[in-house]
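A.B. asks: For the sequence shown, numbering that gives the first Met the number 0 begins at 0 and goes up steadily by one.
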Amino acid sequence: MKRSILITGGAGFIGSHVVRLFVTKYPDYQIVNLDALTYAGNLENLLDVKDLPNYIFEKGDITDEAFIDQLFGKYQFDGVIHLAAESHVDRSIMDPLAFIKTNVLGTAVLLNIARKYWKDNMENKLFYHVSTDEVYGSLGEEGLFHETTAYDPRSPYSASKASSDHFVMAYYHTYHLPAIISNCSNNYGSHHFPEKLIPLAIHNIKNNKPVPVYGKGENVRDWLYVNDHARAIDTIFHKGRIGETYNIGGFNEWKNIDLIQLLCRIMDKKLGRPEGTSAQLITYVKDRAGHDLRYAIDATKLNKELGWEPSLQFEEGLEKTVDWYLANEEWLQHVTSGNYQKYYQEQY
Ligand code: NAD
Ligand code: TDX
Numbered sequence: 000m001k002r003s004i005l006i007t008g009g010a011g012f013i014g015s016h017v018v019r020l021f022v023t024k025y026p027d028y029q030i031v032n033l034d035a036l037t038y039a040g041n042l043e044n045l046l047d048v049k050d051l052p053n054y055i056f057e058k059g060d061i062t063d064e065a066f067i068d069q070l071f072g073k074y075q076f077d078g079v080i081h082l083a084a085e086s087h088v089d090r091s092i093m094d095p096l097a098f099i100k101t102n103v104l105g106t107a108v109l110l111n112i113a114r115k116y117w118k119d120n121m122e123n124k125l126f127y128h129v130s131t132d133e134v135y136g137s138l139g140e141e142g143l144f145h146e147t148t149a150y151d152p153r154s155p156y157s158a159s160k161a162s163s164d165h166f167v168m169a170y171y172h173t174y175h176l177p178a179i180i181s182n183c184s185n186n187y188g189s190h191h192f193p194e195k196l197i198p199l200a201i202h203n204i205k206n207n208k209p210v211p212v213y214g215k216g217e218n219v220r221d222w223l224y225v226n227d228h229a230r231a232i233d234t235i236f237h238k239g240r241i242g243e244t245y246n247i248g249g250f251n252e253w254k255n256i257d258l259i260q261l262l263c264r265i266m267d268k269k270l271g272r273p274e275g276t277s278a279q280l281i282t283y284v285k286d287r288a289g290h291d292l293r294y295a296i297d298a299t300k301l302n303k304e305l306g307w308e309p310s311l312q313f314e315e316g317l318e319k320t321v322d323w324y325l326a327n328e329e330w331l332q333h334v335t336s337g338n339y340q341k342y343y344q345e346q347y
């Protein structure tokens, strides 16, 4: 079937993997990547697919109503996969309003325009919102986030994502806009911006700089390889039930400090340094304000209903990730020049 699909935020970390998967796996689909190219958006992430005939890039802002309206008119989308967002928790603590604008208002603009174009025929249409497990708040030592867990966001970032999820469901219930949400755990892999823990640590270890670990390093995150997230999005987009939420995760919990120790061992091996060299760079720093203790996702529904499961073990994924960063020095140099330095000075 021929389709016309809008992917927002396709120049970012996860979005670029989703775009790559869709344009290569579905040559009959027209894929329009809409991205504002903020500090996190980078067209270098898509150099390998940019010339494919079914791929189109449009630069623009999801909060710009007239632009989004014009885009729907031009391409007559039947599907939206919405990933564009401000995505970094620490930045949301510095500047919450930017998160409210893009994540809440931007999502509402997309929903509203989709409704305008689809209202007379909702058949075979889908608005798919890519969201996060952070909307569920923070777990103690025990338990998992289920699709039925009550929302309890605690950071400006997670509050903005929770709010956007609520708008998606409000459009589904009120206007019958065909919508699905997925809430995924922490992703890692290639093309990850080095403000997030894993790429930041790889970058700093490589350059013999301190590796900042917040608080005591005891916070727990549940890590999933980004390509597995993209595969899950593909599965849900094609097979998911309208009006449903799907949790995505790898059943792969790590305390930050244990993860960093593992990464240090991998980096020693890859850089040919004596074991224990990189670990000497670990530096405990001031904790993140309102730092959620633990995230852990129950992805059983996605596995049982749609048959998805992660493809990689964590250590293997981490090694592949390190290999990618070591082989793509130029990519790292480009994204860490300019404004990155200013952010880094303010943050650390
Ligand atoms: P990212 O920050 O790497 O990419 C975001 C992209 O959105 C960038 O290309 C940026 O230019 C674009 N963008 C930002 N504001 C925009 C605007 N106003 N208009 C148009 N484009 C804009 O983020 P990511 O880590 O790839 O996350 C993608 C999505 O997945 C987000 O919605 C995020 O909340 C969600 N998510 C991320 C993770 C994770 O671990 N990174 C986990 C679960 C869910
Ligand atoms: O320098 C650091 N030191 C450190 O100890 C950084 C950047 C982070 N941390 C800690 C904070 C978290 O406990 O590591 C953990 C992971 O931090 P991030 O990489 O910033 O991710 P997190 O805050 O967990 O949020 C991520 O996962 C859910 C993504 O950024 C979100 O977009 C996604 O929704």
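Here a beta-carbon is modelled for each residue, glycine too, at the ideal position from N, C-alpha and C.
Quick test of your reading: Ile4 and Phe76, contact by CB under 8 Å. State the CB separation rounded to the nearest angstrom.
C.D. replies: Here residue 4 refers to the residue found at position 5 when the sequence shown is read from its first residue. Here residue 76 refers to the residue found at position 77 when the sequence shown is read from its first residue. Going by Cβ atoms, the distance from Ile4 to Phe76 rounds to 6 Å, so yes, they are a contact pair.
A.B. asks: Less than 7 Å between C-beta atoms, sequence neighbours within five positions excluded: which residues of the same chain meet that for Glu243?
C.D. replies: Start at 1 with the first residue of the sequence shown, and residue 243 comes out as number 244. Once the five neighbours on either side are set aside, the close Cβ partners of Glu243 are Ile179.
A.B. asks: May I have the straight-line CA-CA distance separating Ile235 from Met121, to the nearest angstrom?
C.D. replies: Position 236 of the sequence shown, counted from the start, is the residue given in the question as residue 235. Position 122 of the sequence shown, counted from the start, is the residue given in the question as residue 121. C-alpha separation (whole angstroms): 18 Å.
A.B. asks: Is Met266 buried or exposed, if buried means 16 or more other CB atoms sit within 10 Å of its CB?
C.D. replies: Position 267 of the sequence shown, counted from the start, is the residue given in the question as residue 266. By the 10 Å Cβ count, Met266 comes out buried.
A.B. asks: Ligand 2 and Tyr213: does any heavy atom of the ligand fall closer than 7 Å to the residue's C-beta?
C.D. replies: What you label residue 213 is simply residue 214 of the sequence shown in a count that begins at 1. Yes, Cβ of Tyr213 sits closer than 7 Å to a heavy atom of ligand 2.
A.B. asks: Just to confirm, is the Cβ distance from Asn182 to Ser137 under 8 Å?
C.D. replies: Locating residue 182 in the sequence shown gives position 183, where the first residue counts as 1. Locating residue 137 in the sequence shown gives position 138, where the first residue counts as 1. Contact: no.
A.B. asks: Under the rule that 16 or more other beta-carbon atoms within 10 Å means buried, what is Thr237, buried or exposed?
C.D. replies: Counting from 1 along the sequence shown, the entry for residue 237 is found at position 238. Checking the displayed sequence, the identity of residue 237 turns out to be His instead of Thr. Exposed, because fewer than 16 other Cβ atoms sit within 10 Å of the Cβ of His237.
A.B. asks: Need the endpoints of the beta strand (DSSP E) that Gly72 sits in, please.
C.D. replies: Reading the sequence shown from its first residue, position 73 is the one you call residue 72. No beta strand (DSSP E) holds Gly72; the alpha helix (DSSP H) holding it covers Glu64 to Tyr74.
A.B. asks: Based on the DSSP secondary-structure assignment, which residues constitute the bridge partners of Ile197?
C.D. replies: The residue labelled residue 197 in the question sits at position 198 within the sequence shown. According to DSSP, which records beta bridges pairwise, Ile197 is partnered with nothing at all.
A.B. asks: Provide the residue(s) that pair with Thr282 in DSSP beta bridges, ordered along the chain.
C.D. replies: Position 283 of the sequence shown, counted from the start, is the residue given in the question as residue 282. Beta-bridge pairing links Thr282 to Pro211.
A.B. asks: Taking Cβ positions, are Glu194 and Tyr324 nearer each other than 8 Å?
C.D. replies: Locating residue 194 in the sequence shown gives position 195, counting from the first residue. Locating residue 324 in the sequence shown gives position 325, counting from the first residue. No; because the gap between Cβ atoms is not below 8 Å, this pair is not in contact.
A.B. asks: Taking DSSP's pairing of strands, which residues face Cys183 in a bridge?
C.D. replies: Here residue 183 corresponds to residue number 184 of the sequence shown, with the count starting at 1. BP columns for Cys183 point to Thr131 and Ile247.
A.B. asks: Does the Cβ of Thr7 lie closer than 7 Å to at least one heavy atom of ligand 1?
C.D. replies: Position 8 of the sequence shown, counted from the start, is the residue given in the question as residue 7. Indeed, a heavy atom of ligand 1 lies less than 7 Å from the Cβ.
A.B. asks: Cutting at 7 Å between CB atoms, please list the residues of its own chain near Tyr38, excluding the five before and the five after it.
C.D. replies: Reading the sequence shown from its first residue, position 39 is the one you call residue 38. Asn338.
A.B. asks: Using a Cβ-Cβ cut-off of 6 Å (strictly less than) and excluding sequence neighbours within five positions of Leu143, which residues of its own chain qualify?
C.D. replies: On the sequence shown, position 144 is the one that residue 143 refers to. These residues qualify, in order along the chain: Ala295 and Asp297.
A.B. asks: Name the two residues that bound the continuous alpha helix (DSSP H) containing Leu305.
C.D. replies: Taking the sequence shown and counting its residues from 1, one reaches residue 305 at position 306. Leu305 -> alpha helix (DSSP H) spans Thr299 to Leu305.
A.B. asks: Here's a check: name, in chain order, each residue in its chain whose Cβ is nearer than 8 Å to the Cβ of Phe166, leaving out the five neighbours to either side.
C.D. replies: Here residue 166 corresponds to residue number 167 of the sequence shown, with the count starting at 1. Here the set comprises Val103, Thr106, Ala107 and Leu110.
A.B. asks: For the beta strand (DSSP E) that Gly78 lies in, which residues bound it at each end?
C.D. replies: Your numbering for residue 78 matches position 79 in the sequence shown. From DSSP, the beta strand (DSSP E) with Gly78 extends over Gly78 to His81.
A.B. asks: Distance check for Tyr224 and Gly316, CA to CA, integer angstroms please.
C.D. replies: As a position in the sequence shown, residue 316 is number 317, starting the count at 1. As a position in the sequence shown, residue 224 is number 225, starting the count at 1. Looking at the two C-alpha atoms, the distance is approximately 6 Å.
A.B. asks: What distance in whole Å lies between the Cβ atoms of Lys269 and Val321, which are believed to be in contact at a cut-off of 8 Å?
C.D. replies: Taking the sequence shown and counting its residues from 1, one reaches residue 321 at position 322. Taking the sequence shown and counting its residues from 1, one reaches residue 269 at position 270. That pair is a contact at about 6 Å.
A.B. asks: Is Pro273 buried or exposed, if buried means 16 or more other CB atoms sit within 10 Å of its CB?
C.D. replies: For this step, residue 273 is matched to residue 274 along the sequence shown. That one is exposed.
A.B. asks: Please state whether DSSP places Thr295 in a helix, a strand or coil.
C.D. replies: The residue given as residue 295 occupies position 296 in the sequence shown. As written in the sequence, residue 295 is Ala, which differs from the Thr given in the question. Coil at Ala295, not helix or strand.
A.B. asks: Between the C-alpha atoms of Glu328 and Thr335, what's the straight-line distance to the nearest angstrom?
C.D. replies: Against the sequence shown, residue 328 aligns to sequence position 329. Against the sequence shown, residue 335 aligns to sequence position 336. Near 11 Å, if we compare the C-alpha coordinates of Thr335 and Glu328.
A.B. asks: For His290, which residues of its own chain have a beta-carbon under 8 Å away from its beta-carbon, when the five flanking residues on both sides are left out?
C.D. replies: Against the sequence shown, residue 290 aligns to sequence position 291. Excluding residues within five positions, the ones whose Cβ falls inside 8 Å are Tyr213, Gly214 and Asn218.
A.B. asks: Can at least three beta-carbon pairs, one atom from the stretch 62 to 80 and one from the stretch 41 to 53, be found at a separation below 8 Å?
C.D. replies: No, the stretch 62 to 80 is not in contact with the stretch 41 to 53.
A.B. asks: According to DSSP, what are the bridge partners of Trp253?
C.D. replies: For the purposes of this step, residue 253 is taken as the residue at position 254 of the sequence shown. The partner list for Trp253 (beta bridge, DSSP) reads Arg220.
A.B. asks: Please name the residue or residues paired with Arg2 in a DSSP beta bridge.
C.D. replies: The residue labelled residue 2 in the question sits at position 3 within the sequence shown. DSSP output for Arg2 lists Tyr28 as bridge partner(s).
A.B. asks: According to DSSP, is Leu45 part of a helix, a strand, or is it coil?
C.D. replies: Within the sequence shown, residue 45 is the residue found at index 46, counting from 1. Reduced to three states, the DSSP call for Leu45 is helix.
A.B. asks: So Ala84 packs on Leu45, CB below 8 Å; how close in whole Å?
C.D. replies: For the purposes of this step, residue 84 is identified with residue 85 of the sequence shown, where counting begins at 1. For the purposes of this step, residue 45 is identified with residue 46 of the sequence shown, where counting begins at 1. About 18 Å separates the two Cβ atoms, so there is no contact after all.
A.B. asks: Helix, strand or coil for Ala39, going by three-state DSSP, please let me know.
C.D. replies: Indexing the sequence shown from 1 puts residue 39 at position 40. Coil.
A.B. asks: How should Lys118 be labelled, buried or exposed, when 16 other C-beta atoms within 10 angstroms of its C-beta is the threshold for buried?
C.D. replies: Taking the sequence shown and counting its residues from 1, the one referred to as residue 118 is at position 119. Answer is exposed; the Cβ neighbour count stays below 16.
A.B. asks: Please report the straight-line C-alpha distance between Asn41 and Ala169, rounded to a whole angstrom.
C.D. replies: Your numbering for residue 41 matches position 42 in the sequence shown. Your numbering for residue 169 matches position 170 in the sequence shown. One C-alpha to the other measures close to 32 Å.
A.B. asks: Under 8 Å between the Cβ atoms of Val134 and Ala161?
C.D. replies: In the sequence shown, counting from the first residue as 1, residue 134 sits at position 135. In the sequence shown, counting from the first residue as 1, residue 161 sits at position 162. Yes, they are a contact pair.
A.B. asks: Could you check if Thr148 belongs to the surroundings of ligand 1, using beta carbon to heavy atom distance under 7 Å?
C.D. replies: As a position in the sequence shown, residue 148 is number 149, starting the count at 1. Outside the cutoff, so no.
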